[in-house]
Amino acid sequence: MGPHKDDKYDWILVGGGLCGAALAYELIQYGDSVLLIDPNPTSPGATRYSYGGIAYWAGTSELTQTLCHEAIARHPQLSDELEFDTQFQQRSLLLTVEAGQDPAAIATRYESFMIQPEVLSRTEALEREPLLNPEAIAGALCLPHGHVSPLALVTGYRRAFERLGGITKIGQVTDILQDGRSAENRRACGVQVTEDRISERILGDRVILCAGAWTRRLLKQQNLSIPLYFTHAELIETPPAPFEMQTLVMPAVQQRFALEAEAGSPTQAQDWESDQTGQTILAPILDAGLVQFADGHCCLGQISRAQTSLTFQTNATESSQHIREAVGRVLPCSKPLTGQWISTCVAFSQDGLPLVGEVPNMENLLLFSGFSSPFVYVLPVAQRFAKAMYKKQNDALVTQLSPQRFLPKRKTD
Ligand SMILES: Cc1cc2nc3c(=O)[nH]c(=O)nc-3n(C[C@H](O)[C@H](O)[C@H](O)COP(=O)(O)OP(=O)(O)OC[C@H]3O[C@@H](n4cnc5c(N)ncnc54)[C@H](O)[C@@H]3O)c2cc1C
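Sequence positions in the sequence shown follow the working numbering and run 320 to 732.
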C-alpha cells in the first residue's frame, strides 16, 4: 500500500535485514502503509552471513523463556504462512569441550538456561558427529536447536510483506527529517533517502530504525545517545562441502556473549564515543565453529571484534588463517574447503536484551534493533510489537525492551 493522500506513510522502516523484514511483515498485517528502505535488501547486512541458529533453549528469565516458547512454536509453521521455504529444521547443537577440560564442569555454566544440555563423553560426541577430531575434544554438550537459512527467512518475510501491499525501496537513509519546534521538542516526520546520487524526502508518521549495527550511526547523527553497540564479525563462507555434518558445531565456552557484555558495560561507554577515529575496546575473540546449511554450503567462524569504527579494516589473510586453524583442529574435514572471507557488523545492547520502542528525546522515532539472538527473539517480538502498536495497548513483555530502560533513574524523595 502506497502513502496516504497527504503523501505520508504510516510507518517507515530503515533497514531490511531480519529485524526490518520481520517487523515490516507484521505491521502490514494491520493494513497500514509501510515502507521498508535498504540499499541492498536482497543481501542484507549481518543477516546475509548469519549461522541462522535458533537458540530456543537459551531463555533465562520469564521474559526470554516466554519468547523462546513462542518462537519455537511459530518457526515450523512460518514457511506455510509466508508461502516461502525458510528451510527450518530441528538440529542438534554440539558444543565441543576442549581436550583437558571437564564437560560436566563446563555444563554447570548452562544451569540458568531453560533447557539443560546433555553431557557427552568423547565417544558419545563422536557418535553424534563422526567428523569431529577425537584428539581435540574431551567431550561435548548437546542441545536441541532450530536452524533456518537466514537469506530464505528474510526473503520470505520481504516477499510476503510486498504481497500484502508493503513497499520496499532501494536506498540509503542519510538523515531523519524533523518537524519539532525546538531542541526540546524534537519529532521525526520522515527520512532523507539517497539512491544513485538522487536524494529525496519521504514523509512518515513514524520512523523505525532497524539498521542493525548501522543504527548507532543514525542515532549519533541526531545526537541521540543510546547504549547500542556492535562487533565486527569475521567468518569464511564455503561452497557446498563434500561431507554432511550431522550437527551444528560450536564451542561450549563461547566468548562472543562475554565480549558483548564487557564491551557494552557502562565503563566502556566513553570509549564508544570515538566512532570516527576507531578504537579497539577489547581484544578480539574466536569461537571456533562450523555450521552447514541445507544446500551443503558451510560457514566457518567466527572472530568478533569490539571496534568502534564501522569502517574498520582488519588483515583478512591473518583473520582467515586463524579461523581455518581453529576450526580445522576440531573438524579436520574443513581444511581442504575453499571459501571466501567475510567481515560484517552485528549490533548488541548493554544488557543483552533488544531495544524495541520509542527513542527518548525524539517523538515518533522508534528502535527495533540490538537483538543478540534475533533468530529466536525477533519473530515473537515483532508480532507482539506490531499488535501493541495497532491496538494502542501496552504489551507487558515488549515494554520491558523499551530503550527508556536506560534513562537515568529519577531520584525519589
Ligand atoms: C557469523 C555470524 C553468525 C551468527 N549466528 C547467529 C545465530 O546462529 N543465531 C542468531 O540468532 N544470530 C546470529 N547472528 C547474529 C544475527 O545474524 C544478527 O544479529 C542479525 O542478522 C541482525 O539483523 P538486523 O536486521 O538487526 O541487522 P542486519 O542484518 O545487519 O540488517 C541491517 C540492514 O540495515 C541496512 N542499513 C544500514 N544502514 C542503512 C541506512 N542508512 N539506510 C537504509 N538501510 C540501512 C543494511 O543495508 C542492512 O541490510 C550471527 C551473526 C554473524 C555475523
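Every residue, glycine too, gets a C-beta built ideally from N, C-alpha and C.
Item	Value
Residue ranges of each beta strand (DSSP E) within the stretch 449-489, 3 or longer	456-466, 486-489
Counted within 10 angstroms of its Cβ, other Cβ atoms place Q669 as buried (16 or more) or exposed	buried
CB contact flag (C529, L342, <8 Å)	yes
D732 in three-state terms, based on DSSP	Any reading at D732 needs caution, since the residue's pLDDT is 48, under 50, leaving its predicted position unreliable; the model's value is listed next. In this structure, D732 counts as coil in the three-state DSSP scheme.
Where the alpha helix (DSSP H) through D399 begins and ends	381-401
The beta strand (DSSP E) enclosing L522, as first and last residue numbers	517-528
Own chain partners of R535 with C-beta closer than 6 Å, once the 5 adjacent residues on each side are dropped	L547
Cβ pair count under 8 Å reaching 3, the stretch 556-573 against the stretch 386-406	no
Opposing strand residues paired with S692 [DSSP bridges]	DSSP, once it has assigned bridges, lists no residue as partnering S692.
Inter-residue spacing [alpha-carbon to alpha-carbon] between L386 and G689	16 Å
F694 CB to nearest heavy atom of ligand 1 below 7 Å	yes
Distance cut-off 7 Å: P363 Cβ against heavy atoms of ligand 1	yes
Cβ separation of V526 and N683, assumed to be a contact under 8 Å, to the nearest whole Å	7 Å
Coil, strand or helix - L686 by DSSP	strand
Distance cut-off 7 Å: L554 Cβ against heavy atoms of ligand 1	yes
T366: CB within 7 Å of a non-hydrogen atom of ligand 1	yes
As assigned by DSSP and simplified to three states, the class of W591	helix
Whether V675 touches V649 by CB criterion (8 Å)	no
Extent of the continuous beta strand (DSSP E) run through A607	604-611
Proximity test, F690 beta-carbon vs ligand 1 heavy atom, cut-off 7 Å	yes
Sufficient close CB pairs (3 or more, under 8 Å) joining the stretch 360-374 to the stretch 470-478	yes
Environment of I517 [buried if 16+ CB atoms lie within 10 Å]	exposed
Proximity below 8 Å, CB of I434 to CB of V572	no
DSSP state of A552 mapped onto helix, strand, coil	strand
S369 Cβ short of 7 Å to ligand 1 heavy atom set	yes
Assigned secondary structure, L656 (DSSP; H/G/I helix, E/B strand, else coil)	coil
Other residues of its chain near A377: CB distance less than 6 Å, five sequence neighbours each side excluded	F432
Opposing strand residues paired with S623 [DSSP bridges]	A552, I604
Span of the alpha helix (DSSP H), counted from its first residue to its last, around K539	534-540
Span separating the alpha-carbon of D606 from that of P463	19 Å
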